[in-house]
Amino acid sequence: MAKEIRSPLPGTFYRKPSPEAAPFVEDGASVAVGDVIGLVEVMKSFHEVKAEIAGANIAFKIENEDAVTAGALLAELE
Amino acid sequence: MADPAGKSLFVANRGEIAVRVGRAAKALGMEWIQAHSAADADMLAVREADRAVEIGPAQAAKSYLDADRVVAAAREAGAHAVHPGYGFLSENAAFARKVEEAGMIFVGPSADTIARMGDKVAAREAAVAAGVPVAQGSQGRVPDVAAAKEIAAGIGYPVMVKAAAGGGGRGIRVAESEDDLARLFPQAAQEAQAAFGDGGLYIEQFIRDARHVEVQIMGDGAQAVHFYERECSLQRRRQKVWEEAPAACLTPEQRAHVCEASVRLAEAVSYRGAGTLEYLFDPARGTFAFLEMNTRIQVEHPVTEMITGHDLVAEMIRVAFGAPLSVAQPDIAMSGHSIEVRVNAEDPFNAFMPFPGVVSGLSVPEGVRFDTLLYEGYAIPPFYDSLIGKLIVKGEDRAAAIAALAQAIEGMKIEGLKTTLPLHAALAADPQVQAGEAHTGWLEDWLAKRA
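Note that the protein sequences, when read in sequence, are chains A and B. Letter 14 of the first sequence, counting from 1, is numbered 14 in the UniProt record's numbering, and no numbers are missing. Letter 171 of the second sequence, counting from 1, is numbered 171 in the UniProt record's numbering, and no numbers are missing.
Laid out in structure tokens, this is it:
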């Protein structure tokens, strides 16, 4: 069964630290517990989204700069 | 052309200011056309407007900040004029130009004025030319200690010695006296040389315990008037938290001086619309240093309306339509003292964490002005600023206004959210706030001590 990473906050999800930068995590990469996989902007303040579980072959379920609700599925891991 | 009645106004903003502007337009007999993003379809301004137009997705960059899209939407809606509110595109000269090129009225100054006052160097030059007080200092580099002493004597101590090539706090010293200066000047030069390969220094007045004082002006393109000043020294992360009018720290002479200078600058740039000149006030020297001019209506404009009785938003719309100012300077008197506090959807007990949520209950005490975007059942979207309302009170004097504020906060009920109201209650009860001693760095120190 896939492991999930969900958004802790409502807002806008960013996969990159800045528009010009590379994504925090590339598609298909492995992540460790505590790795930052993106940012959620809520009311103009930015909050890191960290992986709470480790896994491989990350698959993002939403696009960069998409709106998210609290608890929205952001990515799945194997 | 001079009468906005029967014309339509496209409000290119959201939140409480969209409500404020739209209601002013209705009161002038105008049609209110409200822009909104996909996430804002149920906001209060959309509910109250005559018509609403979606201008894009939730992200501000693709809706409220997309100048071409906003202009196209306003033109398609058949709007006669566009009001930008504050923030978003309100100080974007290119946007103002596009609105006018599309054959509509931009409610604000000309694109050229926005561009000029938005450029730090050009704004300072215009200020100096109009006799507006700016920070006192050396005109460029100071060659040696002897020259530094001469300049410092002219400005008065304390002075700040800064590296001409500087940044990051390197090569900066504060000298309290001539002896200090003689000792610190060579140190700063050496540090600047080491850090930047350039030991050049300049000197500026050092403002201890600075107050943020700003003057409200209004112009019709030829004449300008002022509506006195506000004080906004209570700030957190450079965001104003609590604003007052008038500034109790000024003498009548200081008030007259800064207000008259501000009108001179407004007239010198043929200013049209509402504008604010921001200054740092040095309470020890009694001097002002011009910071910048904001070429739009400001968040804290209500405190000025409370003490003068004039509707600033209605006036800026009228002058945008070509009317001359409806008031002359002698018609503008002030009485009493007004305070506005910014109510944000943030948890002051948890590092001001944003708290978007659903408003399950809302009640505002009788006789209190609350400019807000809230209504019962409204789900605050997480995509925009956390400002949800401005609580505005007035009293006979400052002490009475603070007492009225404390009472109003007590009577406010905003359920389902965490807000900054408890912060304002604590500030209203603080002896230093009550004594009018808070400077621009005070609130952050106060918060740090309580953290």
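Ideal placement from N, C-alpha and C gives every residue a C-beta, glycine not left out.
Identify every residue that forms a DSSP beta bridge with B/S338.
Counted from its first residue, the second sequence places residue 338 of chain B at position 338. Bridge partners of B/S338: B/A245 and B/K394.
Whose Cβ in chain A lies nearer than 8 Å to the Cβ of B/D385?
Residue mapping note: residue 385 of chain B aligns to position 385 of the second sequence, counting from 1. Ordered by position in chain A, the residues that pass the 8 Å Cβ test against B/D385 are M43 and K44.
Who pairs with A/S18 in a beta bridge, going by DSSP?
As a working note, residue 18 of chain A is residue 18 in the first sequence. DSSP lists no partner for A/S18.
Just by C-beta distance, which residues in the stretch 323–346 of chain B are closer than 9 Å to chain A?
N344, A345 and E346
State the beta-bridge partners of B/W32 as determined by DSSP.
For the purposes of this step, residue 32 of chain B is identified with residue 32 of the second sequence, where counting begins at 1. B/L9.
Provide the residue span of the alpha helix (DSSP H) that contains B/S262, from first to last.
One-based indexing of the second sequence puts residue 262 of chain B at position 262. Its alpha helix (DSSP H) spans residues P252 to A268.
Considering only DSSP beta bridges, list what B/H83 is partnered with.
Your numbering for residue 83 of chain B matches position 83 in the second sequence. Its beta-bridge partners are B/V11.
Closest residue to B/Q298 among B/A210, B/A24, B/G275 and B/R342 (Cα-Cα distance)
One-based indexing of the second sequence puts residue 298 of chain B at position 298. Looking at the Cα atoms, B/G275 is the closest of the given residues.
Can you list, in chain order, the residues of its chain with a C-beta nearer than 8 Å to that of B/R20? Leave out the 5 residues immediately preceding and following it.
The residue you call residue 20 of chain B lines up with position 20 of the second sequence. V313 and D371.
Under the three-state reduction of DSSP, which class applies to A/H47: helix, strand or coil?
Position 47 of the first sequence, counted from the start, is the residue given in the question as residue 47 of chain A. It is a strand residue.
Cβ distance (whole Å) where B/A248 is taken to contact B/R398 below 8 Å:
The count along the second sequence starts at 1 and reaches residue 248 of chain B at position 248. The count along the second sequence starts at 1 and reaches residue 398 of chain B at position 398. That belief holds up - the Cβ atoms of B/A248 and B/R398 are roughly 5 Å apart, short of 8 Å.
Taking C-beta to C-beta, are B/L9 and B/V82 nearer than 9 Å?
To locate residue 9 of chain B, count along the second sequence from 1; it is residue 9. To locate residue 82 of chain B, count along the second sequence from 1; it is residue 82. In contact: B/L9 and B/V82 (Cβ atoms closer than 9 Å).
If we ignore side chains and look at the alpha-carbon of each, how far apart do B/A164 and B/S110 end up?
By one-based count along the second sequence, residue 164 of chain B stands at place 164. By one-based count along the second sequence, residue 110 of chain B stands at place 110. Computed Cα separation, rounded: 35 Å.
From the DSSP output, in three-state form, read off A/K61 for me.
One-based indexing of the first sequence puts residue 61 of chain A at position 61. In the structure shown, A/K61 sits in coil (DSSP, three-state: anything other than H, G, I, E or B).
Is the Cβ-Cβ distance between B/V11 and B/A18 less than 9 Å?
Residue numbering aside, residue 11 of chain B sits at position 11 when the second sequence is read from its first letter. Residue numbering aside, residue 18 of chain B sits at position 18 when the second sequence is read from its first letter. Yes, the pair counts as a contact, with Cβ atoms nearer than the cut-off.
If you draw a straight line from the alpha carbon of B/E150 to that of B/F196, how long is it in whole angstroms?
As a first step, residue 150 of chain B must be located in the second sequence, where it is residue number 150. As a first step, residue 196 of chain B must be located in the second sequence, where it is residue number 196. Distance between the alpha carbons of B/E150 and B/F196 is about 26 Å.
Name the chain A residues that come within less than 7 Å of B/A58, Cβ to Cβ?
As a working mapping, residue 58 of chain B is identified with position 58 in the second sequence. Correct list: A67.
CA-CA distance, B/A148 and B/V128?
To locate residue 148 of chain B, count along the second sequence from 1; it is residue 148. To locate residue 128 of chain B, count along the second sequence from 1; it is residue 128. When rounded, the distance between both Cα atoms is 22 Å.
Which value, in whole angstroms, describes the spacing of the CA atoms of B/Y384 and B/F288?
The residue you call residue 384 of chain B lines up with position 384 of the second sequence. The residue you call residue 288 of chain B lines up with position 288 of the second sequence. Going from the Cα of B/Y384 to the Cα of B/F288 covers about 34 Å.
Verify the contact flag: B/A148, CB atom, against every heavy atom of the ligand FAD, threshold strictly below 8 Å.
Here there are no bound small molecules, and the ligand FAD is not part of this structure.
Does the CB of B/P186 have a neighbour CB from chain A at under 9 Å?
For this step, residue 186 of chain B is matched to residue 186 along the second sequence. So, not an interface residue.
Hey, could you find the ends of the beta strand (DSSP E) B/A175 is sitting in?
To locate residue 175 of chain B, count along the second sequence from 1; it is residue 175. Counting along the chain, the beta strand (DSSP E) containing B/A175 begins and ends at R173 to A175.
Establish whether the CB of A/P8 and some CB of chain B are separated by less than 9 Å.
Numbered from its first residue, the first sequence carries residue 8 of chain A at position 8. No, A/P8 lies away from the interface with chain B (no Cβ there is under 9 Å from its Cβ).
I'd like the list of long-range same chain contacts for A/A70, defined as Cβ closer than 8 Å, with 5 residues on each side in sequence excluded.
Taking the first sequence and counting its residues from 1, one reaches residue 70 of chain A at position 70. These residues qualify, in order along the chain: S7, P8, L9 and P10.
Less than 7 Å between C-beta atoms, sequence neighbours within five positions excluded: which residues of the same chain meet that for A/G38?
Counting from one through the first sequence, the residue named residue 38 of chain A turns up at place 38. Cβ within range, chain order: F13, Y14, R15, F24, V49 and L74.
Determine whether the beta carbon atoms of B/P302 and B/S338 lie at a separation below 9 Å.
Looking up residue 302 of chain B in the second sequence gives position 302. Looking up residue 338 of chain B in the second sequence gives position 338. In this structure, B/S338 lies closer than 9 Å to B/P302 by Cβ.
So with CB distances below 7 Å, who are the chain B contacts of A/G71?
Mapped onto the first sequence, residue 71 of chain A falls at position 71. Those do not exist, as A/G71 stays about 13 Å from chain B at its closest Cβ, beyond 7 Å.
Short CB-CB distance (under 9 Å) between A/G11 and chain B
Taking the first sequence and counting its residues from 1, one reaches residue 11 of chain A at position 11. Output row for A/G11: interface = yes.
A/S45 versus A/V31: straight-line alpha-carbon distance, rounded:
Within the first sequence, numbered from 1, the residue matching residue 45 of chain A stands at position 45. Within the first sequence, numbered from 1, the residue matching residue 31 of chain A stands at position 31. Cα-Cα distance, rounded: 25 Å.
Cβ of B/A41 less than 9 Å from any chain A Cβ?
One-based indexing of the second sequence puts residue 41 of chain B at position 41. Not one chain A Cβ lies under 9 Å of B/A41.
Please list the partners that B/P354 has in chain A, where partner means a Cβ-to-Cβ separation under 7 Å.
What you label residue 354 of chain B is simply residue 354 of the second sequence in a count that begins at 1. Simply V42, M43 and S45.
Return the CA-CA distance between B/G361 and B/L373, expressed in angstroms with no decimal places.
Position 361 of the second sequence, counted from the first residue, corresponds to residue 361 of chain B. Position 373 of the second sequence, counted from the first residue, corresponds to residue 373 of chain B. The straight-line gap from Cα to Cα measures roughly 14 Å.
Is DSSP giving B/K418 helix, strand or coil here?
For the purposes of this step, residue 418 of chain B is taken as the residue at position 418 of the second sequence. DSSP places B/K418 in coil when its eight states are reduced to three.
Cutoff 9 Å: B/P348 Cβ touching any chain A Cβ:
If you number the second sequence from 1, residue 348 of chain B lands on position 348. B/P348 does not count as touching chain A.
Quick one: grab the DSSP three-state call for B/M306.
The count along the second sequence starts at 1 and reaches residue 306 of chain B at position 306. Helix, per DSSP.
When you compare only the Cα positions, how much space is there between B/F88 and B/S138?
As a working mapping, residue 88 of chain B is identified with position 88 in the second sequence. As a working mapping, residue 138 of chain B is identified with position 138 in the second sequence. C-alpha separation (whole angstroms): 36 Å.
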